[in-house]
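In the UniProt record's numbering, the protein residues as written are 1 to 270. Note that the Cβ used here is the ideal one computed from N, Cα and C, for glycine as well. To keep things clear, I will list the structure first and then write my remarks on it.
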C-alpha cells in the first residue's frame with residue numbers, strides 16, 4: 001500500500017521554495033496577465049475583491065487600479081511586502097494579509113470577485129483550494145484565474161525540472177489547473193458557469209542562458225532545484241532547459257521570445 005503524502009510537510013517545503021530567490025523579479029514581468037484578467041472579470045469600482053496566492057500582487061494592483069476594495073493574500077509574507085511596496089508607490093489602498101489558500105480566513109460569500117494569477121494552482125491540496133475559492137465567493141460573483149497549461153512552455157519547464165528532481169510521490173501537478181476537464185470537475189456545471197480563454201504570455205530575454213540565469217537566481221522552484229543538485233546534475237538540467245528554450249524561441253538567434261500558453265478562466269457562481 002502506498003503511504004499518503006504529508007500535505008502539510010509538502011506545503012512547508014513549497015513555502016521555503018517560494019520564499020527563496022525573489023519571485024518579484026519574475027512576477028513583475030507578468031503584470032499584463034493581471035490586467036487582462038481584471039478586464040475579463042469585468043471588475044467594478046467599489047467591488048470587494050480577494051487576490052489568493054497573490055505573490056507580489058499583479059492581480060491585486062490590477063483590481064485596485066479599477067477602484068476595487070482589494071484584500072491581497074499569500075502564505076509568504078515577504079512576497080506580500082513586495083506587493084505592498086508597489087501599491088504604496090501608486091497610492092493604492094489595499095489590505096495585505098498572510099493567508100493559506102487552503103484555509104482562507106474569511107466568511108462564506110465575502111467577495112464579489114476572487115482572483116489568482118499563477119498562484120493557487122500551486123496549492124498542494126488542489127480540491128481544498130478550489131473549494132475555498134468557491135466558498136468565499138458570493139453567488140453571482142466571479143472567480144478569475146490564470147493557470148499555466150501542461151502543454152505550454154511553463155508546463156514543459158516543470159516537467160523538465162521533475163525529470164532532474166522528482167516531486168514527492170503522488171504530488172498533484174500544478175498544471176492540472178490548466179486543463180478544462182479539471183476545472184469542470186472542481187467547479188461543476190450545476191453550481192458554476194466556467195468560461196475559458198486560451199491566452200499566451202511571451203517571456204522576453206536576451207537568450208536562453210539569460211533566462212536560465214534569471215530564473216535560477218530569483219524563481220523559487222528553479223532556484224531550489226539547482227541548489228539541490230550536484231554540479232554535474234545542475235549542468236544537465238541547464239542543458240535541458242536551454243534546449244527547451246531554444247526550441248520554443250520564436251525570435252531567432254538575435255533574442256529570446258518564448259510564448260507560454262495559459263488559461264484565462266472566469267467562473268461565475270450561480
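What three-state label does DSSP hand residue i in the structure shown?
i: residue 119; result: coil
i: residue 176; result: helix
i: residue 76; result: coil
i: residue 71; result: strand
i: residue 200; result: strand
i: residue 262; result: strand
i: residue 1; result: Here residue 1 scores only 43 on pLDDT, less than 50, and its place in the model should not be relied on; the value that follows carries that caveat. Looking at residue 1 - three-state DSSP - the assignment turns out to be coil, as it is neither helix nor strand.
i: residue 138; result: strand
i: residue 205; result: strand
i: residue 183; result: helix
i: residue 43; result: coil
i: residue 165; result: coil
i: residue 171; result: coil
i: residue 219; result: coil
i: residue 188; result: coil
i: residue 54; result: coil
i: residue 251; result: coil
i: residue 213; result: helix
DSSP puts residue i in a beta bridge; with which residues?
i: residue 143; result: 114 and 267
i: residue 31; result: BP columns for residue 31 are empty, so no partner.
i: residue 103; result: 100
i: residue 193; result: 268
i: residue 148; result: 262
i: residue 257; result: 204
Could you tell me if residue i is buried or exposed, where buried requires 16 or more neighbouring beta carbons within 10 angstroms of its beta carbon?
i: residue 46; result: exposed
i: residue 73; result: buried
i: residue 55; result: buried
i: residue 216; result: buried
i: residue 188; result: exposed
i: residue 151; result: exposed
i: residue 159; result: exposed
i: residue 249; result: buried
i: residue 147; result: buried
i: residue 32; result: exposed
i: residue 166; result: exposed
Taking the C-alpha atoms as reference points, what is the distance between residue i and residue j?
i: residue 22; j: residue 126; result: 24 Å
i: residue 311; j: residue 13; result: In this structure the chain extends from 1 to 270, so residue 311 is not present and cannot be described.
i: residue 75; j: residue 99; result: 5 Å
i: residue 109; j: residue 199; result: 29 Å
i: residue 234; j: residue 218; result: 16 Å
i: residue 89; j: residue 106; result: 27 Å
i: residue 82; j: residue 142; result: 26 Å
i: residue 214; j: residue 270; result: 43 Å
i: residue 128; j: residue 121; result: 11 Å
i: residue 262; j: residue 91; result: 31 Å
i: residue 53; j: residue 112; result: 17 Å
i: residue 139; j: residue 114; result: 12 Å
i: residue 144; j: residue 61; result: 14 Å
i: residue 119; j: residue 51; result: 9 Å
i: residue 49; j: residue 66; result: 11 Å
i: residue 221; j: residue 171; result: 15 Å
i: residue 17; j: residue 253; result: 32 Å
Return the first residue and the last residue of the beta strand (DSSP E) that residue i is part of.
i: residue 96; result: 94 to 98
i: residue 51; result: 48 to 51
With residue i as the anchor, note down where its alpha helix (DSSP H) starts and where it stops.
i: residue 232; result: 231 to 248
i: residue 8; result: 7 to 19
i: residue 91; result: Premise fails: residue 91 is in no alpha helix (DSSP H) and is neither H nor E.
i: residue 58; result: 58 to 65
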